[in-house]
Amino acid sequence: MREFFGSSLVKVGLGVLVLIGTALVPLVQSQQEQVLTIAFDAADLKTLDPHFASATMDRAVVDMVFNGLVRYKPGDITVFEPDLAQSWQVNGNVWTFNLRRGVMCHPWGGNPGYELTSEDVVYSLTKAADAARSAYSGEYTGMTFEAVDKYTVRITLPTALSEVLFFPKIADYAGGFIVCKKAVEDLGDDAFKTNPVGTGPFMFQSYSPMEKVVLVKNPNYFRGAPKLDKVVVRYMSDVTARESGLETGELDVIEGRPEQPWVEKMQAKPGTVVDTFGPGETVVIHWNMTKKPFDDIRVRWALDFCLSREELVAAIGPAIAEPLCAPVPPVLAGGISCTDVGVLRYDQNIETAMALLAEAGYPNGFDAGEVVTSERAEYLIPMQNIQAQLAECGVKVTLKVVDHSSMHTLIRQDVNPMVLYVAWRPNADAFLTRFYHSASIVVTGAKPDTNFSHIGGVDADGDGSIDSIDSLIETARSELIPGKQIWLWQKAQIEIMGLNAAYPFYIKKFVFARKPNVNYGYTLISTLALYPPINELTSK
Amino acid sequence: MAPAPQLRYHSDEMIGYAIRRILISIPILLAVLTIVFLLARVAPGDPAQAILGDYASKEAVQALRERMGLNRPLWQQYLDFIVGLARGNLGKSMITGFPVARQVAYALPYTIELTLSGIIFGAVFGIPLGIYTALRRNRLPDYLGRIFSLAGLSFPTFYLGILLILAFAVWLKLFPAVGGGDLHNLGDNLRHLVLPGLTLGLIMTAYVTRMSRSSILNVLNEDYVRTARSKGLRERIVIYKHILKNALIPIISIIGVYSIVLIGGSLLVEIVFSRPGLGKMMVGAMLQRDYITLQSVMVIYAGFVVLINLLTDLAYGLVDPRIKYD
Chain A
1 MREFFGSSLV
11 KVGLGVLVLI
21 GTALVPLVQS
31 QQEQVLTIAF
41 DAADLKTLDP
51 HFASATMDRA
61 VVDMVFNGLV
71 RYKPGDITVF
81 EPDLAQSWQV
91 NGNVWTFNLR
101 RGVMCHPWGG
111 NPGYELTSED
121 VVYSLTKAAD
131 AARSAYSGEY
141 TGMTFEAVDK
151 YTVRITLPTA
161 LSEVLFFPKI
171 ADYAGGFIVC
181 KKAVEDLGDD
191 AFKTNPVGTG
201 PFMFQSYSPM
211 EKVVLVKNPN
221 YFRGAPKLDK
231 VVVRYMSDVT
241 ARESGLETGE
251 LDVIEGRPEQ
261 PWVEKMQAKP
271 GTVVDTFGPG
281 ETVVIHWNMT
291 KKPFDDIRVR
301 WALDFCLSRE
311 ELVAAIGPAI
321 AEPLCAPVPP
331 VLAGGISCTD
341 VGVLRYDQNI
351 ETAMALLAEA
361 GYPNGFDAGE
371 VVTSERAEYL
381 IPMQNIQAQL
391 AECGVKVTLK
401 VVDHSSMHTL
411 IRQDVNPMVL
421 YVAWRPNADA
431 FLTRFYHSAS
441 IVVTGAKPDT
451 NFSHIGGVDA
461 DGDGSIDSID
471 SLIETARSEL
481 IPGKQIWLWQ
491 KAQIEIMGLN
501 AAYPFYIKKF
511 VFARKPNVNY
521 GYTLISTLAL
531 YPPINELTSK
Chain B
541 MAPAPQLRYH
551 SDEMIGYAIR
561 RILISIPILL
571 AVLTIVFLLA
581 RVAPGDPAQA
591 ILGDYASKEA
601 VQALRERMGL
611 NRPLWQQYLD
621 FIVGLARGNL
631 GKSMITGFPV
641 ARQVAYALPY
651 TIELTLSGII
661 FGAVFGIPLG
671 IYTALRRNRL
681 PDYLGRIFSL
691 AGLSFPTFYL
701 GILLILAFAV
711 WLKLFPAVGG
721 GDLHNLGDNL
731 RHLVLPGLTL
741 GLIMTAYVTR
751 MSRSSILNVL
761 NEDYVRTARS
771 KGLRERIVIY
781 KHILKNALIP
791 IISIIGVYSI
801 VLIGGSLLVE
811 IVFSRPGLGK
821 MMVGAMLQRD
831 YITLQSVMVI
841 YAGFVVLINL
851 LTDLAYGLVD
861 PRIKYD
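Protein chains in written order, with the numbering used here: chain A, 1 to 540; chain B, 541 to 866.
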């Protein structure tokens, strides 16, 4: 017996040791190359066509590959800078852009690349305006685009718009990213989704499904060659795996978990820096005013007084959450801060809440029924907290937790008496139109979208007439005097708060962790790319 | 000179049996396909909305639904899928537009190498360990072996993976914790395979050790073992020729069954180690409502189950010539 084990086991053991030994031989990677690896909370990419990209991991790649006519200043979304356009003029509803010369489209599929001209810009904006070829077509309705000469583009709007409303449409965000015409036509729309060709600091090199995208530096980038040689974007849905990768040094930057304990845990790790930054996403609860008893303004007031914004912010954590007291966050033009909103903050007052409930005929509270929410922590944690807070006033909420995609479908079918929604929109008009204009009412609106409260379609205050802020939103949209426009947006929000269609809770910031040697090359305050942008200045 | 025709007869029997089994598996695969097809579409959630996000205009979502063919009748979508499959066309991902066959071709080698390494590790260590502990029944090695196999059976795969990452990647910095490595670079590929392979291998070893031990114990007191020993045969011959050969059938059976479990287990390992693979592909497809990719991956999984069952059955005959393929 001893002989048997003495021979067989030793042989097997030796074999395995040899195998492991072979594997252990470290492959000394070239330290000459500066490769930055960033991992996102995603199973795979969805699309790298910038006119469809909406998820964080997709926005990240397109942000590195494409440019807009103008751009948000890196790290600060409150300032616009020239990008592909070096200057512009406006005359009423006509904008004329003078393009930068010598901007090169990246090479693709054997093609050496070429100089970007007005023809490409017109093609790209026309594509962005086409519902079949863009998710953001609604932003460009009624616009016309014209190539005046090789380096001049004219955009005519159906009505004049202020800079603050127009620039997001042509900036390095969503439909504003400029694609290279010849590349799109050569590759076709489908292939372009996984072979993006733009003018940005990094060029697409390869895509490994469910694993990674590799970008290489664009030596001809018009702002100068990037300091990094390569950027590897990895798709890693498991946060523990991302943490391990950061600790082992295989990853340089990782998408974090928007939870205070996670931030604290990572901050405590030596050799790790945690960045929390804005603009963040607004977390707002919308009361469905078509469902009883939410149709009664006294009940909605009662619920507002029952809720504690501070308690929820404390539960989510100060590193992640900032109180939000109006539909439009203060970082945007037209936003209102918690200080300025005054009594419409509806600070918690359980006594007042119970008195209002009693007045409405519910002295012991009521059963609000089933509320569908997402399994994602960003939805589930606040919703559970809201459930507990409302229970203090005798209001029973039964949570039905479904997967994220199902939640989006179901809430758009108007199944919920209340909808907690986490969202970012690029300006006040988008926030107000998408959530509070009557055309956006779910199911029944002219262009059903995300008006879950039905404001504009119901009598919100019980005076017998429909309450709407449509005209305020529309007037503000066409207003060209910045101060007046801001005043109109704020007035619309005061109306919404007065009618109590929604209760804004907090702004959820974005969380990423990185190795300390990663230098983004700018001060990160806020970014619409939803990740800490990697650009030509980034180094490690 | 007599054995040759017997062997040929045996292999003819095996081929006939394999063909029959493959033919029988076609309706099974079809049933799996139909169930997956229907379940994927019964679940709420709109792939077009999932792709475009909540900022997309309604028109854009509608246009994409149209392009994806989601507005067509269900029976038509089903028919297209089956016809495509019969032609060997797995279609294109509804999300990325990337050909599913290319995705599978990329992911499959990673899943195969991972599963195979788990099976081989389990068999190489589990069988000798099972024999060793059985031959030392109720002694210290046996107790330790039983504790090990019980721990292995009760340990969640993902948790073991995380522990191995902590130990060997984070603390000792011996192996990488992220990705599957480059398939064209053997060293890199092996380095990335060690920890995931060990994760599955240790679990498999626990199963195989347990089954080998009980299987060996069943034959240990048989008359032919006593006879062999009383004939004065060397212990090695007794173990190899008399004990192990007769105990192999249940061991093969358990390796077959747990290989199927292992393919499922590889899913978690792929996620923990962020390796490419069919499991990761399936989860991604489910989350993104990518019906086409999901269906294709399920077909491959079902095919694997059928294949492994078939190979297991065929292996019985190789080990024990008394088994006939009817």
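Note that the Cβ used here is the ideal one computed from N, Cα and C, for glycine as well.
Residue i - DSSP class collapsed to helix/strand/coil
i        : result
A/His286 : strand
A/Leu537 : coil
A/Glu571 : Lying outside 1 to 540, the shown extent of chain A, residue 571 of chain A is not represented and no answer is given.
B/Ala542 : Because the pLDDT of B/Ala542 is 40, which lies under 50, any placement of that residue in the model is unreliable, and the question is left without a value.
A/Phe80  : strand
B/Ser565 : helix
A/Tyr346 : coil
B/Ile655 : As written in the sequence, residue 655 of chain B is Thr, which differs from the Ile given in the question. Three-state result, B/Thr655: helix.
A/Ser87  : strand
A/Asp41  : coil
B/Asp728 : helix
A/Asp340 : helix
A/Tyr436 : helix
B/Arg612 : coil
A/Lys46  : coil
B/Glu762 : coil
A/Tyr522 : coil
Among the options, the one whose alpha carbon lies nearest that of residue i
i        : options                                : result
A/Thr141 : A/Ser337, A/Tyr151, A/Ile155           : A/Ile155
B/Met634 : B/Gln616, B/Leu592, B/Lys598           : B/Leu592
A/Pro258 : A/Asp41, A/Gly361, A/Ser438, A/Gln205  : A/Asp41
B/Lys820 : B/Val623, B/Ser806, B/Ile832           : B/Ser806
B/Leu834 : B/Asp552, B/Pro587, B/Ile652, B/Ile566 : B/Pro587
A/Leu303 : A/Tyr346, A/Met57, A/Val341            : A/Tyr346
B/Gly796 : B/Thr697, B/Ile848, B/Gly772           : B/Ile848
A/Ala132 : B/Glu606, B/Val845, B/Pro681           : B/Glu606
A/Asn195 : A/Met143, A/Thr96, A/Pro50             : A/Pro50
Within chain A, partners of residue i - CB distance below 9 Å
i        : result
B/Ala647 : Pro209, Met210, Glu211
B/Val759 : Chain A residues near B/Val759: none, gap ~15 Å exceeds 9 Å.
B/Ala842 : Going along chain A, no residue has its Cβ under 9 Å from B/Ala842, so there is no contact; the nearest lies around 20 Å.
Straight-line Cα distance separating residue j from residue i
i        : j        : result
A/Glu119 : A/Gly68  : 14 Å
A/Val28  : B/Ala691 : Only weak support is given to the placement of A/Val28: the predicted model assigns it a pLDDT of 45, under 50, and the question is left unresolved by the model.
A/Leu530 : A/Ala60  : 7 Å
B/Arg829 : A/Ala85  : 39 Å
B/Val572 : B/Ile555 : 25 Å
B/Asp860 : B/Ile659 : 21 Å
A/Tyr520 : A/Val35  : 13 Å
A/Leu356 : A/Glu474 : 34 Å
B/Asp853 : A/Asp414 : 54 Å
B/Pro545 : B/Gly628 : For B/Pro545, the predicted model reports a pLDDT of 44, less than 50, meaning its position is unreliable; a value from the coordinates is still stated below. Their backbone Cα atoms lie some 39 Å apart in a straight line.
A/Val122 : A/Gln205 : 26 Å
B/Thr651 : B/Lys632 : 21 Å
A/Val371 : A/Lys46  : 29 Å
A/Ala314 : A/Ile507 : 13 Å
A/Val299 : A/Ile170 : 43 Å
A/Val343 : A/Val443 : 33 Å
Neighbouring residues, chain B, relative to residue i (Cβ below 9 Å)
i        : result
A/Leu251 : Val718
A/Pro448 : Lys598
A/Gly607 : What is shown of chain A runs 1 to 540, which leaves residue 607 of chain A out entirely.
Neighbour list for residue i in chain B, Cβ cutoff strictly below 7 Å
i        : result
A/His454 : Neighbours of A/His454 on chain B: none; closest Cβ ~17 Å, over 7 Å.
A/Ala55  : Gly593
Chain B residues whose Cβ lies nearer than 8 Å to that of residue i
i        : result
A/Arg234 : Val718, Gly719, Ser814
Chain A contact residues for residue i, given Cβ-Cβ distances below 7 Å
i        : result
B/Thr697 : Under the 7 Å cutoff, chain A gives no residues; its nearest Cβ is about 13 Å from B/Thr697.
B/Leu827 : Ala43
Inset, instruction - Specify whether the region 665-675 of chain B and the region 714-733 of chain B touch according to this definition: at least 3 beta carbon pairs, one from each stretch, less than 8 Å apart. - result: no
Inset, instruction - Would you be able to state if there are at least three C-beta pairs under 8 Å between the region 792-801 of chain B and the region 713-720 of chain B? - result: Too few Cβ pairs lie closer than 8 Å, so no.
Inset, instruction - State whether the region 555-563 of chain B contacts the region 233-246 of chain A, with contact taken as three or more CB pairs (one from each stretch) at a distance under 8 Å. - result: no
Legend entry - Touch test, the region 417-428 of chain A against the region 283-293 of chain A, Cβ-Cβ under 8 Å, three pairs minimum: yes
Legend entry - Inter-stretch contact at 8 Å, needing at least 3 Cβ pairs: the region 97-109 of chain A / the region 175-188 of chain A: yes
Inset, instruction - Decide yes or no for the touch test of the region 745-763 of chain B against the region 268-281 of chain A: beta carbon pairs closer than 8 Å, at least 3 of them. - result: no
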